[in-house]
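K.L.:
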Amino acid sequence: MAPKRGDAVAPPAAEEEYEIRFGTSEAAAQWPELCKRFTGNCREAWDSLRTSPLTRSPKQKSLQGRLATRPIGGMDLPQWQFDISSGARLVYCVDEGTRTVWLVDASAAHPGATVAKGKRSSTNR
Amino acid sequence: MPLATFIRDYANVLDQVEAADAEVVLERRSGRASFVVAPLRRVQSDRHAMEAVTRVLRHALEDKALEKSLAAGILETFPWVTFLPATERTQFESAVLETLRGCAALGRFTAFEDLVDSWRVTAEIWSDPASARRLLAPIVVPHGGAVAGPVAS
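Residue numbers (my numbering), protein chains in the order written: chain A, 1039 to 1163; chain B, 32 to 184.
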């Protein structure tokens, strides 16, 4: 999707780096808001996704089970999460072939925050 | 405790740590790894206890008859497992037991913590079924716009 007038422009990725692109319109709408609220943490996440999206760290984890992969453009790609804060997260998929990171979710409200308050249903089937 | 504070007053901090037989975490900025300072005696006794527990665990994990009660123990230790769909709960149990066996054989449990962490964030997503459904849905044509880095205002 072409950037609109006034949109921030992403610098081209260096040879070894990954390009970060929006996988969904929701992520595209949520990302600027998240950056406003958590500028430093989003910068850290953005740097990490460009250089080492598949490296495990205390903030960066692969999802498991059925959520471990997600089909994008017909290819099953590994799905990971980056914790922005205790209440915010990024979810992204990584295409190593094209060195592209697809940002698919940028939520300010982390489901875990609600879990801690016991507001969710207790089981899933 | 910030590493800079420790460097400024290390003699006093070390005396306090020794007197309390405690440990102090030295934090560094920009997400860099933190370190722990503790009396050697404390670390050695922890290590010996860990080695003993690991040996016992290794034997217990080889006993198929104990597998069921170990699985029940896992569910009790990680109550968030309840948010996982039933099939994934079984998958988690098997992965935990398999990884524990490997870790107990090596005497290092970092891989176990990594595994549990990954499943915990997965369970957090499943705690909101709408969120899980969204993240399972195939993306036929991705949005494609480049993600610009945050700019300090």
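All C-beta atoms, glycine included, are put in the ideal place defined by N, C-alpha and C.
Predicted model only: the values in this text are computed from it and were never measured.
Run through chain A and tell me which residues come within less than 7 Å of residue 153(B), C-beta to C-beta.
P.N.:
The contacting residues are 1101, 1102, 1103 and 1105.
K.L.:
Using a beta-carbon distance below 8 Å, is residue 1108(A) in contact with chain B?
P.N.:
Yes, its Cβ sits closer than 8 Å to a Cβ of chain B.
K.L.:
Are the beta-carbon atoms of residue 130(B) and residue 117(B) separated by less than 8 Å?
P.N.:
Not in contact: residue 130(B) and residue 117(B) (Cβ atoms no closer than 8 Å).
K.L.:
By alpha-carbon positions, which one of 172(B), 128(B) and 55(B) ends up nearest to residue 91(B)?
P.N.:
Comparing Cα positions, the closest option is 128(B).
K.L.:
Cβ of residue 102(B) within 8 Å of Cβ of residue 119(B)?
P.N.:
No. Outside cutoff.
K.L.:
So, under 8 Å CB-CB, residue 1116(A) and residue 1095(A) are touching, yes? Tell me the CB distance rounded to an integer number of Å.
P.N.:
Actually they do not touch by this definition, with Cβ atoms about 15 Å apart.
K.L.:
Does DSSP classify residue 1162(A) as helix, strand or coil?
P.N.:
Residue confidence for residue 1162(A) is low, a pLDDT of 41 falling below 50, so the modelled location carries little weight and cannot support an answer.
K.L.:
So what's residue 81(B) in DSSP terms, helix, strand or just coil?
P.N.:
It is helical.
K.L.:
With DSSP as the reference, label residue 149(B) as helix, strand or coil.
P.N.:
In the structure shown, residue 149(B) sits in a helix (DSSP, three-state: H, G or I).
K.L.:
Quick check: what's the CA-CA separation for residue 1157(A) versus residue 1127(A)?
P.N.:
Low local confidence applies: a pLDDT of 40 at residue 1157(A) is under 50, so the model's placement there is unreliable, and no value is given.
K.L.:
So, using beta-carbon positions, are residue 1104(A) and residue 1142(A) closer together than 8 Å?
P.N.:
Contact flag unset, no.
K.L.:
With a threshold of 8 Å between beta-carbons, can residue 1092(A) be considered close to chain B, or not?
P.N.:
No, residue 1092(A) does not count as interfacial toward chain B.
K.L.:
Which residue marks the beginning of the beta strand (DSSP E) containing residue 1109(A), and which one marks its end?
P.N.:
From DSSP, the beta strand (DSSP E) with residue 1109(A) extends over 1107-1110.
K.L.:
Keeping to the same chain, check which residues put their C-beta closer than 8 Å to that of residue 57(B); ignore five residues upstream and five downstream.
P.N.:
Cβ within range, chain order: 32, 33, 34, 37, 65, 66, 67 and 68.
K.L.:
Counting contacts by CB-CB distance shorter than 8 Å, is residue 1082(A) in contact with chain B?
P.N.:
It does; some Cβ of chain B falls within 8 Å.
K.L.:
Whole angstroms is fine: what's the gap from residue 60(B)'s alpha carbon to residue 98(B)'s?
P.N.:
Straight-line Cα distance between these residues: approximately 43 Å.
K.L.:
Between residue 112(B) and the rest of its own chain, which residues show a CB-CB distance below 7 Å, the 5 nearest in sequence each way excluded?
P.N.:
Excluding positions up to five away in sequence, the list reads 106, 120, 123 and 154.
K.L.:
Using a C-beta cutoff of 8 Å, does residue 1132(A) count as contacting chain B?
P.N.:
Chain B contact via Cβ: absent.
K.L.:
Roughly how many whole angstroms lie between the Cα atoms of residue 78(B) and residue 151(B)?
P.N.:
Rounded to whole angstroms, residue 78(B) to residue 151(B) spans 27 Å at the Cα level.
K.L.:
Please list, in chain order, the chain B residues whose beta carbon lies closer than 8 Å to that of residue 1014(A).
P.N.:
An answer regarding residue 1014(A) cannot be provided, because it is not within the stretch 1039 to 1163 covered by chain A.
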